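Counting in the numbering used here, the final residue of the sequence shown is number 207, and the numbers go up one at a time with none missing. No residue lacks a Cβ here, since even glycine has one placed at the ideal position from N, Cα and C. Everything numeric in this text was worked out from a predicted model, so none of it was measured. Input: a single structure, listed below in structure tokens.
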Amino acid sequence: MKQAQFITLMSESLGVEEKTIKMIVRILREAGLFTTGARGVNAPDITPLDAVRVVIAVVASTSPSRAVRDVRYFGALKPDRRDEESASIWGLAWVDANKTLEDTLLDCLSNRVPYEEISMGVLSLSERGEAHIATDNGRQDYHQREQWQAVMAEYSASNDSPKNKAVLEAWEAMHRISNTKVNRSAEISLEELHQIGFEILGWEVD
2 MKQAQFITLM
12 SESLGVEEKT
22 IKMIVRILRE
32 AGLFTTGARG
42 VNAPDITPLD
52 AVRVVIAVVA
62 STSPSRAVRD
72 VRYFGALKPD
82 RRDEESASIW
92 GLAWVDANKT
102 LEDTLLDCLS
112 NRVPYEEISM
122 GVLSLSERGE
132 AHIATDNGRQ
142 DYHQREQWQA
152 VMAEYSASND
162 SPKNKAVLEA
172 WEAMHRISNT
182 KVNRSAEISL
192 EELHQIGFEI
202 LGWEVD
């Protein structure tokens, strides 16, 4: 699928004007987060990862200018397994604990997750940086696992008086994105994500 078809597909699938999708694609491309190449008949095909990143940008914020920030932030989140008891109750069996949210959504879009597992599911993202996937079988929350682990290790090693500047700056950035005054959240059905993947990749239907 070429870019023109992709723009139309994403506009119709996400209910967003084509000019907005075009702006998001341009911004992501300039940041190296979208497929680049020749124009015209030699233009490269759109990849499933391109689609996932546009979906994240649209769901995460109404502002295309935040696309790069949101794709990098939300895409890197990992399943929250800090509370094992909670994870056993709410976690989703098909979610790989070591895969990022971006990779998990890529699996959904690329038909690598059984359809029955995601047919009633939704992806939810909020302006506060919160993210989760919920289905009729449970819910999986996501968080910045590596940053959280680094902060906990720093606190533990310094008797609750951390001095590692890099770790503290990462922690501050996490809170900065979550302290927004606007508690906006939005969601997209995983079934819609799966359908977008079918339009891009195509696969045999049982």
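Boundaries (first-last residue) of the beta strand (DSSP E) holding residue i
i           : result
residue 70  : First-last for residue 70: 68 to 76, but that is the alpha helix (DSSP H), not the beta strand (DSSP E).
residue 188 : 186 to 190
Which of helix, strand or coil DSSP assigns to residue i
i           : result
residue 142 : strand
residue 123 : strand
residue 65  : helix
residue 79  : strand
residue 42  : helix
residue 198 : helix
Buried versus exposed call for residue i [16 or more other C-beta atoms within 10 Å across all chains shown]
i           : result
residue 31  : exposed
residue 145 : buried
residue 16  : exposed
residue 128 : buried
residue 141 : buried
residue 115 : exposed
residue 66  : exposed
residue 59  : buried
Start and end residues, alpha helix (DSSP H) containing residue i
i           : result
residue 210 : Here the chain has residues from 2 to 207 only, and residue 210 is not among them.
residue 49  : 49 to 61
residue 110 : 102 to 110
residue 26  : 19 to 31
residue 13  : 4 to 15
Integer-rounded CB distance, given that residue j should sit under 8 Å from residue i
i           : j           : result
residue 28  : residue 19  : Going by Cβ atoms, the distance from residue 28 to residue 19 rounds to 15 Å, so no, they are not a contact pair.
residue 192 : residue 119 : 7 Å
residue 217 : residue 102 : For the chain, the structure presents residues 2 to 207; residue 217 sits outside this window and is missing.
residue 110 : residue 57  : Not really, about 11 Å apart at Cβ, beyond 8 Å.
residue 46  : residue 2   : 6 Å
residue 36  : residue 51  : 5 Å
Proximity test, Cβ basis, 8 Å: residue i and chain C
i           : result
residue 115 : Among the chains of the structure shown, chain C does not appear; only one protein chain is present.
Cβ contact (3+ pairs, closer than 8 Å) linking the region 15 to 23 and the region 68 to 87: no
Any 3 or more C-beta pairs closer than 8 Å across the region 186 to 194 and the region 109 to 124: yes
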